[in-house]
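In what follows, a structure is listed as structure tokens, so that the remarks can point back to it.
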Amino acid sequence: MPTARLTPSRAATSPLGATPLLIALFCVLWSSAFAAGKIALAECPPLLLLSIRFLIAGAIILGLCAALGGFRRLAAREWAALILAGALNNGLYLGLSFTGMTTVSSGFTAVIISANPLLTALVAGPVLGERLTLRKLAGLLLGMAGVAIVLRSRLGSGHESLVGTLFVVGGLFALTAGTLVYKRLRTSAGLWQASGIQCLAGGVVLFPVALATEPLSAIHVTGPFLWAFAYLVVAVSIGGYSLWYFILNRSSATEATALHFLMPPLGLFFGWVVLGEHVPPLDFLGVVPIAAGIWLVTR
2 MPTARLTPSR AATSPLGATP LLIALFCVLW SSAFAAGKIA LAECPPLLLL SIRFLIAGAI
62 ILGLCAALGG FRRLAAREWA ALILAGALNN GLYLGLSFTG MTTVSSGFTA VIISANPLLT
122 ALVAGPVLGE RLTLRKLAGL LLGMAGVAIV LRSRLGSGHE SLVGTLFVVG GLFALTAGTL
182 VYKRLRTSAG LWQASGIQCL AGGVVLFPVA LATEPLSAIH VTGPFLWAFA YLVVAVSIGG
242 YSLWYFILNR SSATEATALH FLMPPLGLFF GWVVLGEHVP PLDFLGVVPI AAGIWLVTR
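All residue numbers for the sequence shown refer to our numbering, where the first residue is 2 and numbers rise by one.
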């Protein structure tokens, strides 16, 4: 079982060296999660939805890990590292994003979160020692210009809530911080054990806040909710996040986030197909420099 070393050697393959099928699967799972989340949010408040999702997914992952003999004894420092990464990558990132997504569209959320590679490249230099070249700087400026186009289009037309947008932007910063923490710290935990601990950490962090701010009576168990919730638990939390950590273990932080250049068009596509969300023409104009900027940053 691969170890969850958070600063792998350069001998390890980059995400582009992984099988194309795994890369394609990760991109589909990650980008479709926003549309599935939007369906579930219609029947359940965001923090209750996420905390229950993470607690169930974490228990399943750790149960499988223990059954397969992959559970290791960890030092207190390793537990602290994984709990911190889980609180950022699961609890804070999705807690803010899903709260924002109650008032903004899933496709718009996916476009904002796709800026993760740009922010990661900007701060990976001082934090992880990854070089910020002129090409990467040009990519950062190009990508941010694309994000600005989409933001101006959506907010200027009144299609999206400003408060909801700020929540999603906060989630973007949390995801970037979680990516860097995961890469900076070290642990001897296997991939599944590390993923399960981080899932549980996200659930434990969110659950008290959810109980204090959201009524259990607001949960409506309907057919669409059950399907969306099952997809979020099994496909995204167990499958998608495990693939994400698998990729992070074998590449630099900047290289790993290269996969996110596919998220803007895929996120808009799933929002349109699954939810019938309107896609303004300026979104397509903004997505082009975002994807190009991410390609320059991670090429």
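Virtual Cβ for every residue (Gly too), placed ideally from N, Cα, C.
Asked	Found
Ala-77 versus Gly-108, Ser-52, Arg-187, residue with shortest Cα-Cα distance	Arg-187
Own chain, CB closer than 6 Å to Leu-93, minus 5 neighbours either side, in chain order	Ala-175
Distance, Leu-173 Cα to Glu-215 Cα	23 Å
Residue from Glu-278, Gly-165, Ala-34 whose Cα sits closest to the Cα of Leu-97	Gly-165
Assumed close pair Gly-108, Gly-204 - CB separation to whole angstroms, cut-off 8 Å	The pair is not a contact, with the Cβ atoms about 27 Å apart (cut-off 8 Å).
Val-274, buried or exposed, once every other Cβ within 10 Å from all chains shown has been counted against 16	exposed
Euclidean distance between Cα positions of Pro-16 and Ala-231	Residue placement at Pro-16 is flagged as unreliable, the pLDDT there being 44, under the threshold of 50; the coordinate-derived value follows with that caveat. Answer to the nearest angstrom: the Cα atoms are 27 Å apart.
Segments of 4+ residues assigned as alpha helix (DSSP H) that fall wholly inside the segment 96-120	107-114
Proximity to Ala-292 [Cα-Cα], best of Val-169, Ala-146, Leu-217	Ala-146
For Ile-220, the first and last residue of its enclosing alpha helix (DSSP H)	Taken as a continuous stretch (DSSP letters only), Ile-220 belongs to no alpha helix (DSSP H), as it is neither H nor E.
Where Pro-281 falls: helix, strand or coil (DSSP)	coil
CB contact flag (Ala-219, Pro-46, <7 Å)	yes
Best match in Ile-295, Ser-162, Phe-285, Ala-211 for proximity to Met-102 [C-alpha to C-alpha]	Ser-162
Sequence-distant residues of the same chain with beta carbon closer than 6 Å to Glu-44, five excluded per side	His-221, Thr-223, Phe-226
Through-space distance from Gly-87 to Ala-25, alpha-carbon basis	24 Å
Stretch pair the segment 137-155 + the segment 108-127: three plus CB contacts closer than 8 Å	yes
Residue ranges of each alpha helix (DSSP H) within the segment 124-200, 4 or longer	135-157, 163-185
Cβ pair Gly-64, Leu-297 closer than 7 Å	no
Ala-12 in three-state terms, based on DSSP	Confidence in Ala-12 is poor, its pLDDT being 37 and thus under 50, which makes the residue's placement too unreliable to answer from.
Neighbour-count burial assignment, Arg-54, 16 or more Cβ in a 10 Å radius	buried
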